[in-house]
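Structure, as C-alpha cells:
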Amino acid sequence: MKYKEAEILVIEALKEGLDSSSDEQRKTAINNADENTRLFGGGGLLDSMGVVILLSDLEDKLDDEYDVIISLASDSTMSKTRSPFRNIKSLANYIVASVQEVKA
Amino acid sequence: MRILITGSRKGIGRFLAETFLERGYQVFGCSRGDTDLEHEFYQHYKCDVTNETAVIKLIRSIGKSHGGIDMLINNAGIASMNHILSTPGSTITKLMDTNFMGTVLFCREAAKLMMRKKTHGKIINFSTVASPLNLEGEAIYASSKAAVQKFTQIAAKEFAPFGITVNCIGPTPIKTDLIKAVPKDKIDLLLNSQAIKRLGLKEDVLNVIDFFLSNKSDFITGQTIYLGGVHD
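Residue numbers (our numbering), protein chains in the order written: chain A, 1392 to 1495; chain B, 6 to 237.
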C-alpha cells in the first residue's frame, strides 16, 4: 500500500464518520483536511472515543477495499505525543507500515 | 437474532448452541476442532481463541456473511487443578491465554462489529464460583476468571457509549468435561461452600444468560451473577 492511498483512506473514513449531528466547524475541518491535520491531542479533531471509532472504520475499509485483515491496535494509540493517530500523516505512515508487516 | 458462542463443540457451549437453534436464532460457534452439530442455522468455525488473527478473521467473516452479531457468549475455557508450587509455567500461560486473552479478543472484535453496525449488542463472559471462594488448588484457574470479571466491569464502561452491555456469569461446578478430572472430595468441599449445595445444571446457566440477553436488561451491565448462592 502506498502512502497516498493510506492518506486518502484516512480522509475518506473521517468524512464518512460525519453525520447530521456533526457541528459545522468540524465538518469544515474534515472537508479541508490534509496530511498535516491534527487528529488526536492538542486541539485535534478526535477525542479518545473518536480515535477508537476511526480505528475500527479504518480496519473495516482496509478489509473491504484492500483485502487486508489487520488490527490497528497499538500500545501508543492513546499517547498524546506518540500516538499514530496524532495527525493524518502519522496515521497514514502507520497504516502503510502495519500493512507491510502483515504482508511480509 | 445472531449469536456467537465460543467453545460450542461440547458441554455448556453445545447446550447453549442447541437451545438457541431451537429458538430460531442464527448461531455461530467455534472450537479448536470440528463439530458434529449440523443445522441449517448453525455455522461452525475452527478457531483457537488465543490466536488474535484467527479471532479477527472469524468476526469479520460473520460481519460479511450475516451483517453483524447481536450477542456474544464467551464460553470457551479450560480448567486446571494443581498446587501453585507444582504448576508448570506453560500451564499458567495456557490458562491465562485461553480464559482471559481469548475472552478479551472476542469482546474487542465483537464490540467493533457491534459498534460499526450500530447493534445494541450484548456480551456475556464466563467466570466461576472458584474465584470468590478462593479455592485451594484453583489459584491459576480462579485468577484467570477473576481477570475476566475485572475486564467485564471495565469493558461495560468503555462499551456503554455504543449501547453494548457486558456481563458475566459465575457457574458452580456443572457435570461437564471441565470438572471430570476433579476429585469427588474436592467437588463436595466446593458444594458445601455454596448456599444451595448441589451441582449446577446447564439450565441454571441458561436462566442467567436469558436474563442478561433480555431487552429488559438494557440497564444492567458490568455485573457478575454467581449460581448457588455464592458471593464475593
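Virtual Cβ for every residue (Gly too), placed ideally from N, Cα, C.
Contact between the region 196-206 of chain B and the region 152-172 of chain B: three or more CB pairs below 8 Å? no
Any 3 or more C-beta pairs closer than 8 Å across the region 70-80 of chain B and the region 102-122 of chain B: yes
Short of 7 Å in beta carbon distance, which residues of its chain neighbour A:Ala1404, apart from the five on each side in sequence? Order them along the chain. Leu1445, Asp1448, Leu1449 and Lys1452
Please go through the region 108-193 of chain B and give each complete beta strand (DSSP E) segment of 3 or more residues, from N-terminal end onward. 127-131 and 170-175
Beta-carbon proximity list for A:Met1392, same chain, < 8 Å, skipping 5 on both sides: Tyr1457, Val1459, Ile1486, Val1487, Val1490 and Gln1491
Classify B:Gly29 as buried or exposed, calling it buried when 16 or more other Cβ atoms lie within 10 Å of its own Cβ. exposed
Residue-chain proximity (B:Met119, chain A), Cβ-Cβ < 8 Å: no
Kindly say whether A:Ile1486, judged by its beta-carbon, lies nearer than 8 Å to any beta-carbon of chain B. no
Neighbourhood of A:Phe1476 by C-beta distance below 6 Å, restricted to the same chain and skipping five residues each side: Leu1430, Phe1431, Val1442 and Leu1482
Helix, strand or coil, according to DSSP, for B:Val213 in the structure here? helix
Taking the alpha-carbon positions, what's the B:Cys35 to B:Thr96 distance? 22 Å
Closer than 8 Å, CB to CB, is A:Met1440 near chain B or not? yes
Residues in the region 33-67 of chain B with C-beta within 8 Å of chain C's C-beta atoms, listed in sequence order? Absent from the structure: chain C. Protein chains present are A and B.
If we count the other Cβ atoms within 10 Å of its Cβ and call it buried at 16 or more, is B:Lys150 buried or exposed? buried
Could you tell me whether the Cβ atoms of B:Ile230 and B:Val213 are closer together than 8 Å? yes
In the DSSP assignment, the beta strand (DSSP E) including B:Asn79 goes from what residue to what residue? Met76 to Asn79
Proximity to A:Leu1409 [Cα-Cα], best of A:Leu1463, A:Thr1428 and A:Leu1437: A:Leu1437
Cutoff 6 Å; reference B:Ala116; Cβ partners in own chain excluding five residues on either side: Phe164 and Ile169
Taking Cβ-Cβ distances shorter than 7 Å, what residues in chain A pair up with B:Pro188? Going along chain A, no residue has its Cβ under 7 Å from B:Pro188, so there is no contact; the nearest lies around 42 Å.
Residue nearest to B:Met6 in terms of C-alpha spacing, selected from B:His49, B:His44 and B:Thr124: B:Thr124
Any chain B beta carbon closer than 8 Å to A:Ile1444: yes
B:Lys207 beta carbon less than 8 Å from that of B:Ile17: yes
Report yes if the C-beta of B:Ser95 is less than 7 Å from at least one heavy atom of the ligand HEM; otherwise report no. Judged by which ligands are present, the structure shown has none, so any question about the ligand HEM falls away.
Which of the residues in the region 1394-1410 of chain A, read from start to end, lie with their CB under 7 Å from any CB of chain B? none
DSSP three-state assignment for B:Asn104, whether helix, strand or coil: helix
Within-8 Å CB hit, A:Ile1460 to chain B: yes
Could you check whether B:Phe20 and B:Ile8 sit closer than 8 Å to each other, using their CB atoms as the reference points? no
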